[in-house]
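In my numbering, the protein residues as written are -11 to 488.
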């Protein structure tokens, strides 16, 4: 019973582990690096499978070329020996046999080469003595060669009267290269030399080389696959980090970033992800701040309106005063909503209505409007002469916003200057004042929505959107803003637009 319980416990443990192991293997095969490397392995094995027969074919062809060359050289050496013998001895069949014997005594031919000598149309000797059965004197192939030699004229001066290649009759022997050489005495054919070469030896060596090549190639491919698979874990580490960071991202957690190491596509991916997260975090924070500030700006007039309406009595004068206050707060809410709509529209492609604008005329027009707004020491300098392409109404609104901002931060004795210039393909509109100026730490953020300077009391009834609207209009024209300011000295806002 105890053994049975142990067996059941072991089986249960095995069953519990099997799904985990199965899931682990499934995750492994679903990994991108595994798929990429298996594709690499399949590609390399396919290339090896295609390259092997090509390598074998080229090797066999090279063997054929070399064998034919050796056979030609061997025939040439035999011809020189034969001609030397002819020139030094008498030409009789006895002497021919002696020449054959002497030639054979010099040694056997190269491996897989065979010489068969015929004298007076009869087989005389072979070198080496034992010929393969397929080319023995009584073989069908030898008879065919003798018939082929007999078809040539006996009085022909040709030394090599036939040559060619036969497929070997025995499997695995390769092919047989042959040459039939005529031996003449007194201008008559008295003998034949049939020189043959079996390519089986070279082919077997070549096949052994092909087999070794295939083994080495497959081994190299498998070893490189394993090494690449192990190294790819570190290579794909940024991708895994990216997936982990992406899973941890939520509206409450936007601080996840990747470590950027090295260079290349994966480093670029990490850098792009971090840059995207920075933009996303900034967008969420901007949206959150926008909602908080907008709700605050709307809550104040609503509270004022609600409180006065609740306390409003039946006295007509009191009702009239309350009504005036309510209308004033509603106007402020209306301006706030219109500013928000303007900022929203600035991101649309139809935000601008472009036309050709005379810079000097636009400067004078805005200057006349500014002078009528309030009492200041006004200076209008129209140095810009030329034409530009832009939205006249939007540019006018941006400059009037800057002028309004300058009025709110200056006294009657301060100077406000409006100036325009055309320089290096750009139009520069400047609004300079001698007011209280802006602190350096505020200059970077005053163009943000709902932002105001921290070193001055609020003199504007706006919601802190004026400079944000100016920035949106300038950027919609593909321009930018320059600000030079010093506390106690004044500020200069310069709007720079391209002429086109």
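For every residue, glycine included, the Cβ atom is placed at its ideal position computed from N, Cα and C.
Since the model is a prediction, treat every value here as computed from it, not as a measurement.
Burial state of residue i, where buried means 16 or more other Cβ atoms lie within 10 Å
{"i": "residue 287", "result": "exposed"}
{"i": "residue 343", "result": "exposed"}
{"i": "residue 390", "result": "buried"}
{"i": "residue 199", "result": "exposed"}
{"i": "residue 170", "result": "buried"}
{"i": "residue 115", "result": "buried"}
{"i": "residue 364", "result": "buried"}
{"i": "residue 424", "result": "buried"}
{"i": "residue 264", "result": "exposed"}
{"i": "residue 426", "result": "buried"}
{"i": "residue 267", "result": "exposed"}
{"i": "residue 301", "result": "exposed"}
{"i": "residue 295", "result": "exposed"}
{"i": "residue 378", "result": "buried"}
{"i": "residue 165", "result": "buried"}
{"i": "residue 38", "result": "exposed"}
{"i": "residue 458", "result": "buried"}
{"i": "residue 473", "result": "buried"}
{"i": "residue 279", "result": "exposed"}
{"i": "residue 478", "result": "buried"}
{"i": "residue 55", "result": "buried"}
{"i": "residue 256", "result": "exposed"}
{"i": "residue 119", "result": "buried"}
{"i": "residue 397", "result": "buried"}
{"i": "residue 35", "result": "exposed"}
{"i": "residue 121", "result": "exposed"}
{"i": "residue 419", "result": "buried"}
{"i": "residue 355", "result": "buried"}
{"i": "residue 437", "result": "buried"}
{"i": "residue 208", "result": "exposed"}
Residue(s) in a DSSP beta bridge with residue i
{"i": "residue 185", "result": "101, 165"}
{"i": "residue 111", "result": "106"}
{"i": "residue 28", "result": "BP columns for residue 28 are empty, so no partner."}
{"i": "residue 391", "result": "Partner(s): none; residue 391 has no beta bridge."}
{"i": "residue 365", "result": "403"}
{"i": "residue 180", "result": "106, 170"}
{"i": "residue 482", "result": "418, 470"}
{"i": "residue 370", "result": "408"}
{"i": "residue 375", "result": "346"}
{"i": "residue 458", "result": "Answer is none; residue 458 lacks a bridge partner."}
{"i": "residue 153", "result": "165"}
{"i": "residue 477", "result": "BP columns for residue 477 are empty, so no partner."}
Nearest to residue i (by Cα), restricted to the options the options
{"i": "residue 138", "options": "104, 227, 179", "result": "179"}
{"i": "residue 456", "options": "329, 487, 403, 421", "result": "329"}
{"i": "residue 140", "options": "111, 128, 112, 176", "result": "176"}
{"i": "residue 340", "options": "163, 86, 460", "result": "460"}
{"i": "residue 566", "options": "86, 401, 374", "result": "This structure does not reach residue 566, given that the chain is present from -11 up to 488, and the question cannot be answered."}
{"i": "residue 106", "options": "121, 84, 127, 118", "result": "84"}
{"i": "residue 431", "options": "481, 126, 395", "result": "481"}
{"i": "residue 292", "options": "272, 270, 321", "result": "321"}
{"i": "residue 87", "options": "173, 454, 119, 413", "result": "173"}
{"i": "residue 43", "options": "195, 30, 29", "result": "195"}
{"i": "residue 417", "options": "383, 428, 217", "result": "383"}
{"i": "residue 94", "options": "108, 69, 74, 110", "result": "69"}
{"i": "residue 314", "options": "28, 298, 89, 236", "result": "298"}
{"i": "residue 184", "options": "470, 29, 334, 102", "result": "102"}
{"i": "residue 226", "options": "129, 204, 428, 258", "result": "258"}
{"i": "residue 109", "options": "181, 33, 380, 151", "result": "181"}
{"i": "residue 483", "options": "471, 477, 475, 476", "result": "471"}
{"i": "residue 468", "options": "453, 487, 111", "result": "487"}
{"i": "residue 147", "options": "203, 128, 167", "result": "167"}
{"i": "residue 283", "options": "136, 251, 243, 324", "result": "324"}
{"i": "residue 327", "options": "24, 386, 351", "result": "386"}
{"i": "residue 476", "options": "422, 466, 233", "result": "422"}
{"i": "residue 247", "options": "237, 241, 261, 236", "result": "261"}
{"i": "residue 376", "options": "217, 358, 41, 412", "result": "412"}
{"i": "residue 66", "options": "97, 77, 76, 53", "result": "97"}
9 angstroms Cβ cutoff, residue i in contact with chain D
{"i": "residue 396", "result": "Any reference to chain D falls outside this structure, which holds one protein chain only."}
Distance cut-off 8 angstroms: residue i Cβ against heavy atoms of the ligand FAD
{"i": "residue 187", "result": "As far as ligands go, the structure on display features none, and thus does not contain the ligand FAD."}
* Asked: Taking the runs of the beta strand (DSSP E) that are 3 residues or longer, which of them lie wholly in the region 403 to 440?
  -> 403 to 411, 414 to 421
* To do: Tell me the start and end of each unbroken beta strand (DSSP E) in the region 270 to 349 that is at least 3 residues and wholly inside, in chain order.
  => 343 to 346
* **Complete runs of the alpha helix (DSSP H) confined to the region 39 to 93 [at least 4 residues]** => 81 to 93
* To do: Decide if the region 404 to 423 is in contact with the region 336 to 356; the criterion is three or more beta carbon pairs, one per stretch, under 8 angstroms apart.
  => yes
* **Segment contact flag, the region 43 to 58 with the region 179 to 197, C-beta cutoff 8 angstroms, min 3 pairs** => With the cut-off at 8 angstroms, the region 43 to 58 and the region 179 to 197 touch.
* Asked: How do the region 297 to 315 and the region 369 to 379 stand: do at least 3 beta-carbon pairs fall below 8 angstroms, yes or no?
  -> no
* Inspect the CB distances between the region 57 to 65 and the region 212 to 221 and report whether three or more fall short of 8 angstroms. => no
* Which runs of the beta strand (DSSP E) spanning at least 3 residues fall entirely within the region 196 to 233, listed in chain order? -> none
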